[in-house]
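Taken in order, the sequence shown gives residues 116 to 665; the numbers are from the numbering used here. For every residue, glycine included, the Cβ atom is placed at its ideal position computed from N, Cα and C. Predicted model only: the values in this text are computed from it and were never measured.
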Amino acid sequence: MVEALKKRTGWNTPRGPVVLVIMDGVGFGVYKEGDAVAAAVTGSLDRLYESCPWTKLKAHGTAVGLPTDDDMGNSEVGHNAIGCGRVYAQGAKLVNKSIEEGVVFSGDTWKKLVHQVSGNGSTMHFIGLLSDGYVHSHTSHLKALIERAKQEGVSKVRVHALLDGRDVGETSALDYFTPFEQYLAEISDETFDARIASGGGRMVITMDRYNANWDMIRQGWETHVLGEGRQFSSATEAITQLRIETDAIDQDIPAFVIAESGTPVGTIEDGDSVILFNYRGDRALEITKAFEAEHLEEFDRRRVPKVEYAGMMEYDGDLHVPRQYLVTPPTITRTQAEYLCATGVKQFSISETQKFGHVTYFFNGNRSGQFDSNLEEYVEITSDILPYEQRPWMKCAEITDRVLKEIAAGEYDYIKMNFPNGDMVGHTGIYQAVICSMEALDLQIGRIAKAVKEAGGVMVISADHGNSDDMFEHDSKTGEVVRKEDNSPKAKTSHSLNPVPCIIYDPEYQDDYELELKEGLGISSLAATCIELLGFEPPEDYDPSVINWK
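What follows is the structure in structure tokens.
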């Protein structure tokens, strides 16, 4: 429990609500070519930049708790930082340290997983994203686990590898899979057998989130556990052939199974151990439930092997999922939502399915439930289940419709919302669709601004990381756009390292603060900023507000 916040002096609390608008995946681009944010017609945002105080915030690397400033930000760590007002060491950094110091291998969970399979011919399975994107996983972590398993007497390892194409290049899979198959062949010997057993694109199988499309989990289960699906002799062959047949980018490559003489090389059986080596929680919860639930309503698993299952980290600290994990995640406490509940501030959180957990679960320090159901309302607008480039506006209008209703009703002091467009459409790599998504988003910003003005509120507009601001691959030395054989730009589907905006729209501004906002801060400063605008003093250890008060 936390204590109530103290009231601020010298600030006339606004008549209406403070509205925090998170434009997911919208930053300031470095390159003109490929910056869909700058290229879009965004009259509403343009007017706000011209008339309101604004600054740029860091949203990647050490500013959000990642290992280095070469690491792109992501929605999970971004919303953690915004929600708790400080920077915590995040997934990749914690896993790196745990492996380097050997802590992961001295824990009871690792020992149990090894004991389950060593000496009896059982298999240790690894499921996860095979890339070095550092958002959900890293190949170095997987290699360290496999090598340690071999040292400790595990005789058989099977990897169920998911193609990325979102946090790394959209068609870069073979840069990871082919060398990894070679690596497994090199470490295999007469006492150790390691192979890739199955795979598929991360947006097709296994990595669904927020219960948006459980059919992805069903397909993952059938592929990894049951060994059902189209068979190939190697992952390299599968990716090469399926790309020719479907023209799909990596994240959308269909599921495949590696087999010999028609027999899958790595089904999951009784007595095996299974490790989900992804460390990020949102896209790990559903496949974890499929392994751990005694009764599963979402689909018929048909066969449920008796295995020792563990995640790389605890994915939900509130629900304690999974039951076993290798690395202890950060304990994120004293979030702004908890403080505001203790202070009696009524809060409203909304997004569509794809980002609903970001303004609730991640925003609240990886906590699923509400702090006070009498003071908080969570609203989820159901996302469409189809490729985002086909509906680039997504549900931004429906989200706005509900927010306008709540602003007019005047029940809530603080409204938090996430527009997924810039991130989810940005990950498709379809430049025209991203332009459309930005323009659709901008229309909603204009609608919200009008409602905030009428209510006498304040709107803070920001983002969790960049993405749609950097849609083309650029040569790191020359800065020139990388082009394909047909001379078209090569799409970039991963997040950017670019800063994001922080705009304060205060239509009833009363000269209480400077119109020049602070510079050089990170998105963790949004928490203190919103708390101050609500009329309270932020906790002393929160990162500073962007506002220069008079």
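Practice problem: Work out the CA separation of Ile383 and Arg263 for me, nearest whole Å. | Solution: In the sequence shown, the residue the question calls residue 263 occupies position 148. In the sequence shown, the residue the question calls residue 383 occupies position 268. Each residue's alpha carbon lies about 21 angstroms from the other.
Exercise. Inspect the beta-carbon positions of Asp585 and Tyr249 and report whether they are closer than 9 angstroms.
Key: By 1-based counting over the sequence shown, the position of residue 585 is 470. By 1-based counting over the sequence shown, the position of residue 249 is 134. Not closer than 9 angstroms, so no.
Exercise. Go through its chain and collect everything with a Cβ distance to Glu595's Cβ below 7 angstroms, but skip five positions before and after it.
Key: Walking along the sequence shown from the start, residue 595 turns up at place 480. Excluding sequence neighbours, Glu595 sits near His589.
Quiz item: Just the Cα atoms here: how many angstroms apart are Glu423 and Arg562?
Solution: If you number the sequence shown from 1, residue 423 lands on position 308. If you number the sequence shown from 1, residue 562 lands on position 447. Distance between the alpha carbons of Glu423 and Arg562 is about 52 angstroms.
Quiz item: Taking Cβ positions, are Glu521 and Pro132 nearer each other than 9 angstroms?
Solution: Mapped onto the sequence shown, residue 521 falls at position 406. Mapped onto the sequence shown, residue 132 falls at position 17. For Glu521 and Pro132, yes; Cβs fall inside 9 angstroms.
Self-check item: Neighbourhood of Ser237 by C-beta distance below 8 angstroms, restricted to the same chain and skipping five residues each side
Solution: Locating residue 237 in the sequence shown gives position 122, counting from the first residue. Once the five neighbours on either side are set aside, the close Cβ partners of Ser237 are Gln231, Lys271, Glu384, Gly386, Asp387 and Ser388.
Exercise. Flag this pair as yes or no: are the beta carbons of Pro636 and Thr170 separated by less than 9 angstroms?
Key: On the sequence shown, residue 636 is found 521 positions in, with the first residue counted as 1. On the sequence shown, residue 170 is found 55 positions in, with the first residue counted as 1. The identity of residue 636 in the sequence shown is Leu, whereas the question assumes Pro. For Leu636 and Thr170, yes; Cβs fall inside 9 angstroms.
Quiz item: If we ignore side chains and look at the alpha-carbon of each, how far apart do Lys404 and Arg398 end up?
Solution: In the sequence shown, residue 404 corresponds to position 289, counting from 1. In the sequence shown, residue 398 corresponds to position 283, counting from 1. Roughly 11 angstroms separates the two Cα atoms.
Quiz prompt | Top-ranked residue by Cα proximity to Glu526, from Leu209, Arg310, Gly459 and Gly193 | solution = Stepping through the sequence shown from its first residue, residue 526 is reached at position 411. Out of Leu209, Arg310, Gly459 and Gly193, Gly459 has the C-alpha closest to the C-alpha of Glu526.
Quiz prompt | Thr446: first and last residue of the uninterrupted beta strand (DSSP E) it sits in | solution = Along the sequence shown, read from residue 1 onward, the residue named residue 446 stands at position 331. Per DSSP, Thr446 belongs to no beta strand (DSSP E) and is neither H nor E.
Practice problem: Put Ile508 into one of helix, strand or coil per three-state DSSP. | Solution: Numbered from 1 along the sequence shown, position 393 holds the residue referred to as residue 508. For the sequence presented, residue 508 should be read as Trp rather than Ile. Coil, per DSSP.
Exercise. Answer yes or no: do Leu632 and Val597 have a C-beta to C-beta separation smaller than 9 angstroms?
Key: Residue numbering aside, residue 632 sits at position 517 when the sequence shown is read from its first letter. Residue numbering aside, residue 597 sits at position 482 when the sequence shown is read from its first letter. No, these two residues do not count as a Cβ contact at 9 angstroms.
Quiz item: Cα-Cα, which of Gln547, Gly140, Asp499 and His253 is closest to Lys173?
Solution: Here residue 173 refers to the residue found at position 58 of the sequence shown. Among Gln547, Gly140, Asp499 and His253, the Cα nearest to that of Lys173 is on Gly140.
Quiz item: Cα-Cα, which of Gly396, Gly158, Ala151 and Thr128 is closest to Gln559?
Solution: Counting from 1 along the sequence shown, the entry for residue 559 is found at position 444. Cα-wise, what sits closest to Gln559 is Gly158.
Practice problem: Spell out the partners DSSP gives Ile496 in its beta bridges. | Solution: Position 381 of the sequence shown, counted from the start, is the residue given in the question as residue 496. Paired residue(s): Glu467.
Quiz item: What's the gap between the Cα of Met427 and the Cα of Met574?
Solution: Counted from its first residue, the sequence shown places residue 427 at position 312. Counted from its first residue, the sequence shown places residue 574 at position 459. Those two C-alpha atoms are separated by around 38 angstroms.
Self-check item: Anticipated Cβ contact below 8 angstroms, Val518 with Ile530, distance rounded
Solution: The residue labelled residue 518 in the question sits at position 403 within the sequence shown. The residue labelled residue 530 in the question sits at position 415 within the sequence shown. Their Cβ separation, rounded to whole angstroms, is 6 angstroms, which keeps Val518 and Ile530 in contact under 8 angstroms.
Self-check item: Cα-Cα separation between Arg104 and Gln266, rounded to whole angstroms
Solution: Since the displayed the chain opens at 116 and closes at 665, residue 104 lies outside it and no answer follows.
Quiz item: Nearest to Gly243 by CA position, among Tyr291, Glu216 and Glu634, is which residue?
Solution: As a position in the sequence shown, residue 243 is number 128, starting the count at 1. Closest option to Gly243, Cα to Cα, is Tyr291.
Self-check item: Extent of the continuous beta strand (DSSP E) to which Asn533 belongs
Solution: Locating residue 533 in the sequence shown gives position 418, where the first residue counts as 1. Looking at the DSSP string, the run of the beta strand (DSSP E) that includes Asn533 is Tyr529 to Phe534.
Quiz item: Hey, Lys665 and Tyr620 are a contact pair by Cβ (cut 8 angstroms); roughly how many whole angstroms apart?
Solution: By one-based count along the sequence shown, residue 665 stands at place 550. By one-based count along the sequence shown, residue 620 stands at place 505. Wrong, their Cβ atoms sit about 19 angstroms apart, outside the cutoff.
Practice problem: Counting only the same chain and skipping the five closest in sequence on each side, list residues whose C-beta sits under 7 angstroms from that of Asn328. | Solution: Counted from its first residue, the sequence shown places residue 328 at position 213. Counting only Cβ-Cβ distances below 7 angstroms, and skipping sequence neighbours, we find Ile500.
Exercise. Identify the continuous alpha helix (DSSP H) that holds Trp329 and give its terminal residues.
Key: Mapped onto the sequence shown, residue 329 falls at position 214. Here the alpha helix (DSSP H) through Trp329 covers Trp329 to His339.
Exercise. Could you pull out every residue in the same chain whose Cβ sits closer than 7 angstroms to the Cβ of Cys511, ignoring the five residues on either side in sequence?
Key: Along the sequence shown, one-based indexing puts residue 511 at 396. Only Phe534, Asn536, Ala555, Leu556 and Gln559 meet the Cβ criterion.
Exercise. Return helix, strand or coil for Gly316, following the three-state DSSP convention.
Key: On the sequence shown, residue 316 is found 201 positions in, with the first residue counted as 1. Strand at Gly316.
Quiz item: DSSP on His589, reduced to helix/strand/coil?
Solution: As a working mapping, residue 589 is identified with position 474 in the sequence shown. Looking at His589 - three-state DSSP - the assignment turns out to be strand.
Quiz item: Which residues does DSSP pair with Lys568 in a beta bridge?
Solution: The residue labelled residue 568 in the question sits at position 453 within the sequence shown. DSSP lists no partner for Lys568.
Practice problem: Jot down the residue ranges of each uninterrupted beta strand (DSSP E) in the segment 576-625, minimum 3 residues, whole runs only, in chain order. | Solution: 615-620
Quiz item: In the structure shown, what three-state DSSP assignment does Val250 receive?
Solution: Position 135 of the sequence shown, counting from 1, holds the residue named residue 250. Coil, per DSSP.
Practice problem: Measure the alpha-carbon distance for Lys470 versus Ser213 and round it to whole angstroms. | Solution: Residue 470 sits at position 355 when you count from the first residue of the sequence shown. Residue 213 sits at position 98 when you count from the first residue of the sequence shown. Between Lys470 and Ser213, the C-alpha separation is close to 29 angstroms.
Practice problem: Identify whether Ala119 lies in helix, strand or coil by the three-state DSSP scheme. | Solution: On the sequence shown, residue 119 is found 4 positions in, with the first residue counted as 1. It is coil, neither helix nor strand.
Exercise. Check whether the Cβ atoms of Val540 and Phe143 sit closer than 9 angstroms, and answer yes or no.
Key: Counted from its first residue, the sequence shown places residue 540 at position 425. Counted from its first residue, the sequence shown places residue 143 at position 28. The answer is no: Cβ separation not under 9 angstroms.
Quiz item: Mind checking whether Ser466 and Met532 have CB atoms under 9 angstroms apart?
Solution: Counting from 1 along the sequence shown, the entry for residue 466 is found at position 351. Counting from 1 along the sequence shown, the entry for residue 532 is found at position 417. The answer is yes: Cβ separation under 9 angstroms.
Quiz item: Do you know how far the Cα of Glu407 is from the Cα of Trp225?
Solution: For the purposes of this step, residue 225 is identified with residue 110 of the sequence shown, where counting begins at 1. For the purposes of this step, residue 407 is identified with residue 292 of the sequence shown, where counting begins at 1. Distance between the alpha carbons of Trp225 and Glu407: 17 angstroms.
Quiz item: Of the choices Gly284, Thr254 and Gly280, whose alpha-carbon is the least far from that of Val274?
Solution: Here residue 274 corresponds to residue number 159 of the sequence shown, with the count starting at 1. Nearest option by C-alpha distance: Thr254.
Exercise. Give the straight-line distance between the Cα atoms of Leu299 and His580, rounded to the nearest whole angstrom.
Key: As a working note, residue 299 is residue 184 in the sequence shown. As a working note, residue 580 is residue 465 in the sequence shown. Leu299 and His580: Cα-Cα distance of roughly 35 angstroms.
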